[in-house]
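Chemist: Just so you know, the sequences run in chain order A, B, C and D.
Per our numbering, residue 1 is the first one in the first sequence, and the count goes up by one each step.
Per our numbering, residue 1001 is the first one in the second sequence, and the count goes up by one each step.
Per our numbering, residue 2001 is the first one in the third sequence, and the count goes up by one each step.
Per our numbering, residue 3001 is the first one in the fourth sequence, and the count goes up by one each step.
Protein chains: 4
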Amino acid sequence: MSIAGNVGLEDLPRICPLISRRVQSAVRVEETRVVTVGKVPFGGPRPVIIAGPCAVESREQTLAVARAVKDAGANMLRGGAFKPRTSPHDFQGMGVEGLRILSEASDETGLPIVTEVMDPRLVETVCAYADMLQIGSRNMQNYPLLVEAGKSGKPVLLKRGMAASLCEWLGAAEYIAKEGNLEIVLCERGIKAFPAGEYSRNVLDLSVIAAVKTETFLPVIVDPSHATGVSSMVESASCAAIAAGRHGLIIEVADDQVGAAKPQCDAVQAIFPGTLKRIVQFVDSRVEQSWLRKAHAV
Amino acid sequence: MSIAGNVGLEDLPRICPLISRRVQSAVRVEETRVVTVGKVPFGGPRPVIIAGPCAVESREQTLAVARAVKDAGANMLRGGAFKPRTSPHDFQGMGVEGLRILSEASDETGLPIVTEVMDPRLVETVCAYADMLQIGSRNMQNYPLLVEAGKSGKPVLLKRGMAASLCEWLGAAEYIAKEGNLEIVLCERGIKAFPAGEYSRNVLDLSVIAAVKTETFLPVIVDPSHATGVSSMVESASCAAIAAGRHGLIIEVADDQVGAAKPQCDAVQAIFPGTLKRIVQFVDSRVEQSWLRKAHAV
Amino acid sequence: MSIAGNVGLEDLPRICPLISRRVQSAVRVEETRVVTVGKVPFGGPRPVIIAGPCAVESREQTLAVARAVKDAGANMLRGGAFKPRTSPHDFQGMGVEGLRILSEASDETGLPIVTEVMDPRLVETVCAYADMLQIGSRNMQNYPLLVEAGKSGKPVLLKRGMAASLCEWLGAAEYIAKEGNLEIVLCERGIKAFPAGEYSRNVLDLSVIAAVKTETFLPVIVDPSHATGVSSMVESASCAAIAAGRHGLIIEVADDQVGAAKPQCDAVQAIFPGTLKRIVQFVDSRVEQSWLRKAHAV
Amino acid sequence: MSIAGNVGLEDLPRICPLISRRVQSAVRVEETRVVTVGKVPFGGPRPVIIAGPCAVESREQTLAVARAVKDAGANMLRGGAFKPRTSPHDFQGMGVEGLRILSEASDETGLPIVTEVMDPRLVETVCAYADMLQIGSRNMQNYPLLVEAGKSGKPVLLKRGMAASLCEWLGAAEYIAKEGNLEIVLCERGIKAFPAGEYSRNVLDLSVIAAVKTETFLPVIVDPSHATGVSSMVESASCAAIAAGRHGLIIEVADDQVGAAKPQCDAVQAIFPGTLKRIVQFVDSRVEQSWLRKAHAV
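(1) Three-state secondary structure (DSSP) at Thr1086 of chain B?
(2) By DSSP's criteria, Ile308 of chain A is part of a beta bridge. Which residues make up the other side?
(3) Based on Cα-Cα distance, which residue from B:Ile1015, B:Glu1108 and B:Gly1044 lies nearest to Arg1059 of chain B?
(4) With 7 angstroms as the C-beta to C-beta threshold (strictly closer), list the residues of the region 194–209 of chain A near chain C in chain order.
(5) Would you identify the three-state DSSP class for Arg1121 of chain B, choosing helix, strand or coil?
(6) Find the residues of chain A that neighbour Lys2192 of chain C, judging by a C-beta separation of less than 7 angstroms, and give them in chain order.
(7) Could you tell me the distance, in whole angstroms, from the CA atom of Gly1153 of chain B to the CA atom of Arg278 of chain A?
(8) For the region 1214–1272 of chain B, list the beta strand (DSSP E) runs that are entirely contained and at least 3 residues long, ordered along the chain.
(9) For chain D, is any of its Cβ atoms less than 9 angstroms away from the one on Ala2130 of chain C?
(10) Between which residues of its own chain and Met1140 of chain B is the CB-CB distance below 8 angstroms, once the five residues before and five after are set aside?
(11) Give me the Cα-Cα distance between Gln2024 of chain C and Pro2017 of chain C, rounded to the nearest whole angstrom.
(12) Please confirm whether Glu2010 of chain C has its beta-carbon closer than 9 angstroms to some beta-carbon of chain F.
(13) Give a yes or no on whether 9 angstroms exceeds the smallest Cβ distance from Gly1073 of chain B to chain A.
(14) Can you find a CB in chain D that lies within less than 9 angstroms of the CB of His2226 of chain C?
(15) Could you tell me whether any Cβ in chain C is nearer than 9 angstroms to the Cβ of Thr3086 of chain D?
(16) Please report the straight-line C-alpha distance between Tyr3199 of chain D and Ile2003 of chain C, rounded to a whole angstrom.
(17) In chain order, what residues of the same chain lie with their CB nearer than 7 angstroms to the CB of Val2203 of chain C, ignoring the 5 residues before and after it?
(18) Per DSSP, which residues does Thr2036 of chain C bridge with? Please list them.
(19) Counting only beta-carbon separations shorter than 9 angstroms, does Met233 of chain A have a partner in chain D?
(20) Looking only at C-alpha atoms, which of B:Arg1046, B:His1089, B:Val1123 and B:Met1076 sits nearest to Val1096 of chain B?
(21) Closest to Ile1242 of chain B by CA distance: which of B:Ile1221, B:Met1233 and B:Asp1131 is it?
(22) Let me know if Gly1259 of chain B comes out buried or exposed under the rule of 16 or more other beta-carbons within 10 Å of its beta-carbon.
(23) Closer than 9 angstroms, CB to CB, is Ala3149 of chain D near chain A or not?
(24) With a threshold of 9 angstroms between beta-carbons, can Ile2015 of chain C be considered close to chain B, or not?
(25) Using DSSP with H/G/I as helix, E/B as strand and the rest coil, what is Ser2106 of chain C?
(26) Please list, in chain order, the chain C residues whose beta carbon lies closer than 8 angstroms to that of Ser1025 of chain B.
(27) Compare the Cα-Cα distances from Glu3031 of chain D to each of D:Pro3144, D:Tyr3143 and D:Arg3022 and report the closest residue.
(28) For Gly8 of chain A, I'd like the list of residues in its chain whose CB is within less than 6 angstroms of its CB, leaving aside the five on either flank, ordered along the chain.
(29) Do Val65 of chain A and Val253 of chain A have their beta-carbon atoms positioned less than 9 angstroms apart in this structure?
(30) Looking at the C-beta of Gly1161 of chain B, does it have a partner C-beta in chain A at a distance below 9 angstroms?
(31) Going along the chain, which residues of the region 2134–2146 of chain C sit with their C-beta nearer than 7 angstroms to a C-beta in chain D?
(32) Counting only Cβ pairs nearer than 9 angstroms, list the residues of chain B close to Gln269 of chain A.
(33) Specify the secondary structure class of Leu3186 of chain D as computed by DSSP and reduced to three states.
(34) Going by DSSP, what residues sit across from Thr62 of chain A in a beta bridge?
(35) Can you find the residues in the same chain that come closer than 6 angstroms, C-beta to C-beta, to Ala51 of chain A, ignoring five residues on each side of it along the sequence?
(36) Can Arg3033 of chain D and Pro3155 of chain D be called in contact, C-beta distance under 9 angstroms?
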């Protein structure tokens, strides 16, 4: 019995030849292609920490969080100006005004920015402000958007769709690569499975990362905030992701100083800067260990 | 423990007030809003059968299948001119040329057309040829596309995303409704779950339909082709869907006369016109029964 | 990359040779093995309707429901004397006393009984009262229990586990067959997948049935009560299952006359006898149609 | 719309009062109950490493692996004498003879033994040889077995069912606790979800652990072998589990010295002793770090 649409890992050389490790002998086995954003290298010896608010909600909130994540040791700033929301009646983001605020936060802190783009007609605008484009889970298979992101030449953070197989995810990355843009960082952010909603938002799938590393040379990071959806779980998910050898994290952080305005987006999954600092320390200790191990090995 | 993003049916009046049965008292309990495409009414006493090829691959193939599905008793024609494919190296559809072919097939057979649009910049173009816009599973949460589809005023067939909860699906429909367009037909097409790939492509979720009918007044149909992915399963899935009270079916049909050219898309899930005829007869017998039952009830 | 435990339909001849259609040429293609319980044949031209209370809770309740389902046209009586419950502090069933009550209900109505057994040490006891043993979802891979059920020679109703692949399910049936007992009826009762809990208890997987029929000659029925978990969805799920060609249904029915005592088990998924009557009528109309169709075909 | 069987974390005090942290104030917040097997404490400051062959296949193989895992620094020995297999025609384990071999391996190495029991009639026999009883995933809701394991008073390793919610899992543990046995260690081993089979056997759900720790005081470990099903993924999954704060690991190890006899069970997910040694070193480094951190904190 043959089933339409059934593909497996053995089909990857056909689905995504440009990013398939098996096809591209230029990148050696075990090696990752380094994707550099500003001066931040994804896929190098040190995991990259991206942190920031879920959404840009005001200049004050964004600058405060940006300073806090910089102080905590993060390498890049995240924040949504265009927000994909389940209901059209919910806050949809500050738009271009939000991009300007992010840009100001970047200028002040020196942290490069990644922000989501959802509309192919807005890729150029977002590129004018951001250092890296984020394609969110809902748009992983929005092919016209992927093509525009590819054409832009900007580094792209491509999140895995909530029900995407590895073949579908790498196929989506190939749409960007086909336009001549190999500056792609993949991001696992949890999948939909039966326990979702009982104790966590999604199910963080760490096994996919080992498979990603086998099948492609693109760097891959983890989003522990959306994977768990519960702030008290973010630290342990972050440490798990780093211990398992991922190239970085993207984490939602809220400002605990700003008491008044309650964040509108996903407040219960955002951690505070103090927790972020502990995660950065864990990353540091891991890097040191690896360095020592290699030093001893010589 | 509170989880970000967790919403339930009790949140629907807030998520999608415009299409929520509980909010909109204008449409009476148990009643469906009739959405008319050409002269074909969705949500009326008779289920609507949409049939046609997966993709428009040539003028000959499309006209041949269009005639065959007309003969078999289908009410509308489907066919993809812009095809969302897992790999960018696969056939992406004939584009505008495909729309022209569909239009010719519609003129000849009198069947209205539904065809997929993936790019918000192409909504106007597709509207010039099609009677109904299809938003596919991969784009269920492509909000800029939903907004353009809403603005167009055209009837929209909104497929459920592969991992979409009911709240997310109805939230997506609300994006269309918010632009003043209530000409929306929902379409269940199977979800991703663990058995997918063992004996079927996806898992057809018939229970969601009862929930759809409780929560909204929009008509809802079923796509047994993508739900099963196996041509020999399409007939029984179609009968199951109709028996359970859905407002229609959208089915992929291949032409068994055209021997030469092998269809490129999803051939193993397409049925032949003879099977379609049996499905139409099943629908007829059900309508008769309901009519008789009501007649006896008087 | 090879994965432990990965098996597919192509492995069925090795996993379950005794019940594999491909191996056992004795049973002709398209034909089902008829399993007879009392005088009730599963797998014959007429779908079998099993109905009754979730649990035997008292003599009065059980006799009342038994009479009501007999009147409504059901062919067999179900009811739990040993109940598998999530918490050990919940009602665990009336045990042997419950079996005696079921037996009395069977004597009075003439309906054969199916009831669950969970403990291999109790198979003999349950066999003394029941006409058919039920192995529940939680125990689908309780192999010592399957072996005892096989040795007993009694007909067995084997429910699918909540996360069982087709290979695992048929492998479980093979444990019974290996003891020389081919009196097996399979039962699909919904699987665990992401939407479970939002609008239904589980996801009814009708596609598996077509695959079951291809791979084995054993009859297969559907449990719409546990599949949906919502009484208002049971009728449409039942009709869907019958239209799709299954060999029967097992349905939970509550007595609407007994006002006082609230059923302890799964009350919200039990239907009332009036709804059961409509389902039986639907089955009758389908059987008639098939008969007419074949008569016309001659 | 109310759904049968729907329970959530708020129901845990009713489902499992004996092991619920919220109910049992005797065990302080953040504290874990220490379960000691032989002299090995689960839930103490040092994660426990259980390792050994999938199945006991011969005296030579078992002794060789036992010595190797002892040398690598494991704390306990695992090995199956009674094996739950998908097909009854596959090797079912060496039975009591296997238990004797495990016992000899334990005597020689000093490592306590954990081994699976599937039949309530065999609990006493297995208790005569083993230091800890394992209840496997397939039997997580085999309540008569849980009751016998509870009555035995032996420490029990309770694996999570492949589709078990947290409520169902803790409800199963409560069956053991109700018999007066609180010597329970929980074990996450991967769940069934859509990607299973594409690149891994199951999906390791690390988020459930944080929820386990919030809801109960029982220790919880992780089985990276069954969670991934791919030997090359076991090390990174092990490190992830430990970094995320679990109380131990249970890992399948094969002997790379024994060339001749190919292991029959799950060979592709077993690691070699060299890899186990690296995992133990990772655990050591983590324990040291925590110790240093606490020392500095004073």
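Glycine included, C-beta positions come from ideal geometry on N, C-alpha and C.
Modeler: Based on what the coordinates show:
(1) Thr1086 of chain B falls in the coil class under three-state DSSP.
(2) Since the first residue shown for chain A is 1 and the last is 298, residue 308 of chain A is missing from the structure and cannot be characterised.
(3) When each option's Cα is compared against that of Arg1059 of chain B, the closest is B:Glu1108.
(4) So the list reads Phe194, Ala196 and Gly197, given in the order they occur along the chain.
(5) Arg1121 of chain B: helix per DSSP, three-state reduction.
(6) When 7 angstroms is used as the limit between beta carbons, Lys2192 of chain C is near these residues of chain A: Phe194, in chain order.
(7) When rounded, the distance between both Cα atoms is 52 angstroms.
(8) Correct list: 1220–1222 and 1248–1252.
(9) The beta carbon of Ala2130 of chain C does not come within 9 angstroms of any beta carbon belonging to chain D, so the residue lies off that interface.
(10) Excluding residues within five positions, the ones whose Cβ falls inside 8 angstroms are Leu1158, Lys1159, Arg1160, Gly1161, Ala1164, Glu1168, Trp1169 and Ala1172.
(11) Those two C-alpha atoms are separated by around 7 angstroms.
(12) Absent from the structure is chain F; the protein chains it does hold are A, B, C and D.
(13) Not one chain A Cβ lies under 9 angstroms of Gly1073 of chain B.
(14) So, interface residue.
(15) True, the Cβ-Cβ gap to chain C drops below 9 angstroms.
(16) One C-alpha to the other measures close to 7 angstroms.
(17) Here the set comprises Gly2190, Ile2191, Ala2193, Pro2195 and Ala2196.
(18) Looking at the DSSP assignment, Thr2036 of chain C forms a beta bridge with C:Pro2041.
(19) Under the Cβ distance rule, Met233 of chain A counts among the residues neighbouring chain D, one pair being separated by less than 9 angstroms.
(20) The candidate whose alpha carbon is nearest that of Val1096 of chain B is B:Val1123.
(21) Sorting B:Ile1221, B:Met1233 and B:Asp1131 by C-alpha distance to the C-alpha of Ile1242 of chain B places B:Ile1221 at the top.
(22) Here Gly1259 of chain B scores only 47 on pLDDT, less than 50, and its place in the model is too uncertain to base an answer on.
(23) So, not an interface residue.
(24) Not closer than 9 angstroms to any Cβ of chain B, the Cβ of Ile2015 of chain C fails to qualify, so no.
(25) Here Ser2106 of chain C sits in helix by DSSP.
(26) Below the 8 angstroms Cβ cutoff, chain C contributes no neighbours of Ser1025 of chain B, its closest Cβ being approximately 21 angstroms away.
(27) The shortest Cα separation from Glu3031 of chain D among D:Pro3144, D:Tyr3143 and D:Arg3022 belongs to D:Arg3022.
(28) Cβ within range, chain order: n/a, list empty.
(29) Yes.
(30) By this cut-off, Gly1161 of chain B is an interface position.
(31) Among the residues of the region 2134–2146 of chain C, those with a Cβ less than 7 angstroms away from any Cβ of chain D are Arg2138, Asn2139, Gln2141, Asn2142, Tyr2143 and Pro2144, in the order of the chain.
(32) Correct list: Ile1003, Ala1004 and Gly1005.
(33) In the structure shown, Leu3186 of chain D sits in a strand (DSSP, three-state: E or B).
(34) Bridge partners of Thr62 of chain A: none, in fact.
(35) Taken in chain order, the residues that qualify are Val69, Ala74, Ile251, Val253 and Leu276.
(36) Contact annotation: Arg3033 of chain D and Pro3155 of chain D have beta-carbon atoms that are not nearer than 9 angstroms.
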